[in-house]
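Worksheet: one structure, shown below.
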Amino acid sequence: MTTRAFMLTTSLVVMGSWNTMRFIAGHTQVLHQLQQQFQQQKQAVLTTQHNELQRLRQAQLLEQNHLANLHSTQDTPPDLRRLQLTQLQQQHLVAQNKLSHEHKAKTDELMRRHQQILTSKLTPAGGAAVQVPAAHADAAAAAQARARALSRLQATSQQQQQGV
């Protein structure tokens, strides 16, 4: 038993939380397995989303090339070329935004399901929820905020790449 686990055990016994201590000790492996399962599911979702965005970008490039070839063979006026290219870019931006919203909804749903499973597993037989220390809750909130910021940064980067 590690020093931290021993200190936790001692403090729980001293506080008279023997049932909570037994609950935590009995569910550590289950929680670890749930976390691994969640990470695998999350990675699968992210991989799928990445592949979908890549296919969308590839389709956009093919359509731009087709349009450029069409313009060169038909001697299209420059104003019409710009208009058609702008329309094509707007269509793809709308499609990318729609796909991004779908991805966010899928990721949020995965997170909700994972939280529901964790909540059900973290409720002891007596029905009392396990108390999460404020520092742990703050760390989890900070990690979620960092993940959201990274997601926004990636979305902005992708939009900028499309504009180039």
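Numbering (mature numbering (1 follows the signal peptide of the UniProt record, and there is no 0)) for the sequence shown: -16 to -1, 1 to 148.
A virtual CB, placed ideally from N, CA and C, is assigned to each residue, including glycine.
Bear in mind that the values here come from a model prediction, so they are computed numbers and not experimental data.
query = With 16 as the cutoff for other CB atoms within 10 Å, does Gln80 come out buried or exposed?
reply = buried
inquiry  = I'd like the span of the alpha helix (DSSP H) that includes Pro62, first residue to last.
reply    = Pro62 to Lys105
key: DSSP three-state assignment for Asp122, whether helix, strand or coil   = helix
request  = Determine contact between the region 50 to 65 and the region 86 to 98, defined as no fewer than three beta-carbon pairs at a distance below 8 Å.
outcome  = no
query = Can we say the region 121 to 137 touches the region 59 to 72, given the rule of at least three CB pairs closer than 8 Å?
reply = no
task = Flag this pair as yes or no: are the beta carbons of residue 155 and His120 separated by less than 7 Å?
result = Shown here, the chain extends from -16 to 148; a query on residue 155 therefore has no answer.
query = Hey, how far is the Cα of Ala43 from the Cα of His76?
reply = 9 Å
Beta carbon of Val29 nearer than 7 Å to that of Leu94 = yes
ask   = Roughly how many angstroms separate the alpha carbons of Leu45 and Thr12, rounded to a whole number?
value = 49 Å
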